[in-house]
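Sequence lines, in order, name chains A and B. Take 1188 as the starting number for the first sequence in my numbering and just add one per residue. Take 49 as the starting number for the second sequence in my numbering and just add one per residue. A virtual CB, placed ideally from N, CA and C, is assigned to each residue, including glycine. A quick write-up on the structure given underneath.
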Amino acid sequence: EAQLVESGGGLVEPGGSLRLSCAASGFTSGNYWIWWVRQAPGKGLVWVSDVSPDGSETKLADFVKGRFTISRDNAKNTVYLHMNSLRAEDTAVYYCARGGVYFAVDIWGQGTLVTVSS
Amino acid sequence: QSALTQPPSASGSPGQSVTISCTGTSSDVGGYNYVSWYQQHPGKAPKLIIYEVSKRPSGVPDRFSGSKSGNTASLTVSGLQAEDEADYYCNSYAGGNIFFVFGTGTTVTVL
C-alpha cells in the first residue's frame, strides 16, 4: 500500500529551526512531485511548497520564501522541508502529499504538528 | 494571493444534493483546467475526490462530480450520505509565482 509518513514536528521557539521529513513506502517517490501543505489549528489548507521528481525544480509560497527550503533524497525515498526563522504564525499541522495526478495530490500523510511558541 | 472563495457551510438531508462553489480569478480557476477538490473529516488527512475539474480518482463514488464555468468551479454531492459530512476544499493551479491556491473551505452538514 502506498503511503507517506511525516516526522520531525514539535515545539520550537520563535526564530528556531526544524526539519520535517516525509518518508514514502509502497511506491517509488522519485517518480512523483511531492507537496507540503499546512493547516493551522481550526483553519484551512494552505499550499507551502513542492519539489519535482528529480529535485531539480522547487517552488515555495511567498510567505515562506527565504525561510524554508525543500529537498529530497530519492535513495532514501524521503522529502524534507527545512524550516528556519520560525514564527508563531507557522504553527500548523504540516502534511506531505504525492502528486499522483496532474496538478493535484492523491496520497496524503497523517501530518506532523509544528508549534512555534516561547 | 488570496484563497479561493467558498461558502463557509452547506447542508442537505440524506439523499438530497448539495453544490459547493469555488470562486477565483482568470489567473487561477478561470485560467487553467487544474481544479481539484479534497474532502477532510475531523482530525484526518484530506482525501482527493476530484482532479482536473471533473475527473474522479478510482474508488471515489460517482455521487461526487465537478464542473467549472468561467472563474467559478463547483462540486456537487448527489444522494447525500451521513459519511459525506466533512470539510471540502477546492484547489487550483495559479501559475506564475503563486503556483497553487486552496479555497477557504466549506463544511457540509447532513441534516
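Proximity to residue i [Cα-Cα], best of the options
{"i": "residue 1201 of chain A", "options": "A:1276, A:1285, A:1296, A:1292", "result": "A:1276"}
{"i": "residue 70 of chain B", "options": "B:87, B:138, B:159, B:58", "result": "B:138"}
{"i": "residue 111 of chain B", "options": "B:125, B:74, B:121", "result": "B:125"}
{"i": "residue 1295 of chain A", "options": "A:1218, A:1225, A:1199", "result": "A:1225"}
{"i": "residue 156 of chain B", "options": "B:107, B:88, B:102, B:101", "result": "B:88"}
{"i": "residue 146 of chain B", "options": "A:1274, A:1264, A:1236, A:1262", "result": "A:1236"}
{"i": "residue 1223 of chain A", "options": "A:1229, A:1263, A:1247", "result": "A:1247"}
{"i": "residue 152 of chain B", "options": "A:1260, A:1257, A:1230", "result": "A:1230"}
{"i": "residue 1243 of chain A", "options": "A:1250, A:1304, A:1220", "result": "A:1220"}
{"i": "residue 142 of chain B", "options": "B:77, B:62, B:54, B:61", "result": "B:77"}
{"i": "residue 73 of chain B", "options": "B:64, B:63, B:60, B:52", "result": "B:52"}
{"i": "residue 1283 of chain A", "options": "A:1305, A:1274, A:1233, A:1271", "result": "A:1233"}
Exposure of residue i, with buried meaning 16 or more beta-carbon neighbours within 10 Å
{"i": "residue 1213 of chain A", "result": "exposed"}
{"i": "residue 1325 of chain A", "result": "Because residue 1325 of chain A is not part of the residues shown, which for chain A are 1188 to 1305, the question remains open."}
{"i": "residue 134 of chain B", "result": "buried"}
{"i": "residue 167 of chain B", "result": "Since the first and last residues shown for chain B are 49 and 159, residue 167 of chain B lies out of range."}
{"i": "residue 154 of chain B", "result": "buried"}
{"i": "residue 1260 of chain A", "result": "exposed"}
{"i": "residue 1198 of chain A", "result": "exposed"}
{"i": "residue 1286 of chain A", "result": "buried"}
{"i": "residue 54 of chain B", "result": "buried"}
Chain E contact for residue i (CB, 8 Å cutoff)
{"i": "residue 1293 of chain A", "result": "Among the protein chains of the structure shown, namely A and B, there is no chain E."}
Residue i to residue j span [Cα, whole Å]
{"i": "residue 114 of chain B", "j": "residue 1252 of chain A", "result": "33 Å"}
{"i": "residue 1196 of chain A", "j": "residue 150 of chain B", "result": "23 Å"}
{"i": "residue 95 of chain B", "j": "residue 1297 of chain A", "result": "11 Å"}
{"i": "residue 79 of chain B", "j": "residue 119 of chain B", "result": "8 Å"}
{"i": "residue 1206 of chain A", "j": "residue 116 of chain B", "result": "38 Å"}
{"i": "residue 105 of chain B", "j": "residue 97 of chain B", "result": "6 Å"}
{"i": "residue 50 of chain B", "j": "residue 148 of chain B", "result": "11 Å"}
Assumed close pair residue i, residue j - CB separation to whole angstroms, cut-off 8 Å
{"i": "residue 1255 of chain A", "j": "residue 1269 of chain A", "result": "6 Å"}
{"i": "residue 1210 of chain A", "j": "residue 1238 of chain A", "result": "So it is not a contact: roughly 14 Å between Cβ atoms."}
{"i": "residue 108 of chain B", "j": "residue 81 of chain B", "result": "At roughly 18 Å, the Cβ-Cβ gap does not stay under 8 Å, so residue 108 of chain B and residue 81 of chain B are not in contact."}
{"i": "residue 1303 of chain A", "j": "residue 1265 of chain A", "result": "Contact flag wrong, Cβ pair sits at about 23 Å."}
{"i": "residue 67 of chain B", "j": "residue 140 of chain B", "result": "Not quite, the Cβ-Cβ distance comes to about 17 Å (not below 8 Å), so this is no contact."}
Any non-hydrogen atom of the ligand MN closer than 7 Å to residue i Cβ
{"i": "residue 1236 of chain A", "result": "No copy of the ligand MN appears in this structure; indeed no ligand is present at all."}
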